[in-house]
Amino acid sequence: MRRKIIAGNWKMNGTLAETEALIRALVAGASNNDRAQVVICPPFTALETASRLLASSHIALGGQDMSPHEKGAYTGDISAAMLLTVGATYVILGHSERRQYHAESDQLINAKAGQALAAGLTPIICVGETLDEREGGRTETVVGKQLDGTLAGFAADNLKKIIIAYEPVWAIGTGRTATPEMAEAVHCFVRGKLVALDRTAAETVPLLYGGSVNAKNAAGLLSQPNIDGALVGGASLKADEFIAIIKAA
Ligand code: PGA
Numbered sequence: 027m028r029r030k031i032i033a034g035n036w037k038m039n040g041t042l043a044e045t046e047a048l049i050r051a052l053v054a055g056a057s058n059n060d061r062a063q064v065v066i067c068p069p070f071t072a073l074e075t076a077s078r079l080l081a082s083s084h085i086a087l088g089g090q091d092m093s094p095h096e097k098g099a100y101t102g103d104i105s106a107a108m109l110l111t112v113g114a115t116y117v118i119l120g121h122s123e124r125r126q127y128h129a130e131s132d133q134l135i136n137a138k139a140g141q142a143l144a145a146g147l148t149p150i151i152c153v154g155e156t157l158d159e160r161e162g163g164r165t166e167t168v169v170g171k172q173l174d175g176t177l178a179g180f181a182a183d184n185l186k187k188i189i190i191a192y193e194p195v196w197a198i199g200t201g202r203t204a205t206p207e208m209a210e211a212v213h214c215f216v217r218g219k220l221v222a223l224d225r226t227a228a229e230t231v232p233l234l235y236g237g238s239v240n241a242k243n244a245a246g247l248l249s250q251p252n253i254d255g256a257l258v259g260g261a262s263l264k265a266d267e268f269i270a271i272i273k274a275a
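Using the numbering used here, the first residue of the sequence shown is number 27, and each one after it goes up by one.
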């Protein structure tokens, strides 16, 4: 049995005051569950505050991106070691918003994931097709290529440490979610790709679904055999909604 993982991607939201209020509400409502691993990913500037507030809870912390380099002259970038020093143990990589607005390639995401694994962070690698790609019947081709590129060169012991998030771009922030059956079909495809890389690792890698997950649709999605959790955007900014999703797991 793979333990469920519910991760909140706050994106570019969360002043320190907002971070404090939201985390206090989450800790009060969801920190003592032992069914799901909860991870929240606030912006870099809120990580240290978040880490302090989460110190005595079971909620883990993640970054939303990181540099493919260890350190040096990379203005504006944040390294894996920096994330670790402020208490993050996870990092989201290759989110479609990074791919779209920062032209991130599979090759770059692969380099970032390698750096994260070397430092001891758990990468949450995002893949997903656009609406055009889905309607053109190219979902598996697109997701398959993203997996081949982002996971290139990883041996079984590294594969075992990653998390994959399937996030159809057309479902992100749109209120339009994949049905549990649609999501499960892609998750099965992803699992199959992982099996081809390493059968044992494939069984343990958590596959998260993301894209307009909310308190109402979470239970249906999370009941699918290959949906091991959720990567939640908008709904992770509302304590009640996020706690309800955690409870659904
Ligand atoms: P959403 O975002 O839940 O707001 O659709 C999900 C994500 O981008 O990770």
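Backbone N, C-alpha and C fix where the C-beta goes; we use that ideal spot for every residue, glycine too.
Could you spell out where the alpha helix (DSSP H) holding glutamine 133 opens and where it closes? 132-145
Nearest CA to the CA of isoleucine 188: which residue from Ser262, Leu247, Leu263, Gln141? Gln141
Rounded C-alpha distance that separates glutamate 166 from valine 212: 7 angstroms
Where glycine 146 and threonine 115 are concerned, what is the direct C-alpha to C-alpha distance, given to the nearest angstrom? 8 angstroms
Span of the alpha helix (DSSP H) holding asparagine 16? The structure shown does not extend to residue 16, since the chain spans only 27 to 275, so no value can be given for it.
Please report the straight-line C-alpha distance between glutamate 46 and isoleucine 150, rounded to a whole angstrom. 24 angstroms
Alanine 72 CB to nearest chain C CB: under 8 angstroms? Structure shown: chain C not included; a single protein chain is present.
Could you give the residue range of the alpha helix (DSSP H) that holds alanine 81? Where alanine 81 is concerned, there is no enclosing alpha helix (DSSP H), given that its DSSP letter is neither H nor E.
Considering proline 188, what are the terminal residues of the alpha helix (DSSP H) in which it resides? It is worth fixing the name first, because residue 188 is isoleucine in this sequence and not proline. Isoleucine 188 -> no alpha helix (DSSP H), and no H or E assigned at all.
If you draw a straight line from the alpha carbon of proline 194 to that of glutamate 123, how long is it in whole angstroms? 12 angstroms
Just checking valine 65 against the ligand PGA - is the residue's beta carbon closer than 7 angstroms to any of the ligand's heavy atoms? no
Check each candidate in Pro206, Lys138, Gly260, Ala265 and name the one with the smallest Cα separation from isoleucine 276. What the structure shows of the chain is the stretch from 27 to 275, and residue 276 is not part of that stretch, so it cannot be assessed.
Could you check where the beta strand (DSSP E) with glycine 255 kicks off and where it finishes? 255-258
Check this for me: beta carbons of alanine 197 and glycine 237, under 8 angstroms apart or not? yes
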